[in-house]
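Novice: Residue numbers (the numbering used here): 1 to 72. The C-beta atom is built at its ideal place from N, Cα and C for all residues, glycine as well. A single structure is presented below for examination.
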């Protein structure tokens with residue numbers, strides 16, 4: 001039971017309005033982590049855009065190939 005109470009006490013000690021009293025809180029590290037997450041998200045979006053371009057190009061080639069076969 002003591003182990004279950006400890007996290008609750010830790011949560012109560014963290015007060016967002018008094019972060020300067022939380023010695024473990026590093027705003028610069030937090031910003032670095034957020035920036036890293038945003039960079040990862042941006043890279044994922046760019047990857048999806050590249051995938052979309054590849055799929056569109058393949059669809060155009062297939063459509064052109066099908067149109068060519070239909071005309072034969």
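Can you tell me whether DSSP reads residue 39 as helix, strand or coil?
Specialist: As a working mapping, residue 39 is identified with position 39 in the chain shown. DSSP places residue 39 in helix when its eight states are reduced to three.
Novice: Between the alpha carbons of residue 24 and residue 37, how many angstroms are there, rounded?
Specialist: For the purposes of this step, residue 24 is taken as residue 24 along the chain shown, with counting starting at 1. For the purposes of this step, residue 37 is taken as residue 37 along the chain shown, with counting starting at 1. Using only the alpha carbons, I get a separation of about 20 Å.
Novice: Could you tell me the alpha carbon to alpha carbon distance between residue 28 and residue 68, rounded to whole angstroms?
Specialist: As a working mapping, residue 28 is identified with position 28 in the chain shown. As a working mapping, residue 68 is identified with position 68 in the chain shown. Going by the C-alpha atoms only, they are around 60 Å apart.
Novice: Using only the alpha-carbon positions, how far apart do residue 26 and residue 58 sit?
Specialist: In the chain shown, residue 26 corresponds to position 26, counting from 1. In the chain shown, residue 58 corresponds to position 58, counting from 1. Using only the alpha carbons, I get a separation of about 48 Å.
Novice: Assign residue 29 to one of three DSSP states: helix, strand, or coil.
Specialist: Position 29 of the chain shown, counted from the start, is the residue given in the question as residue 29. It is helical.
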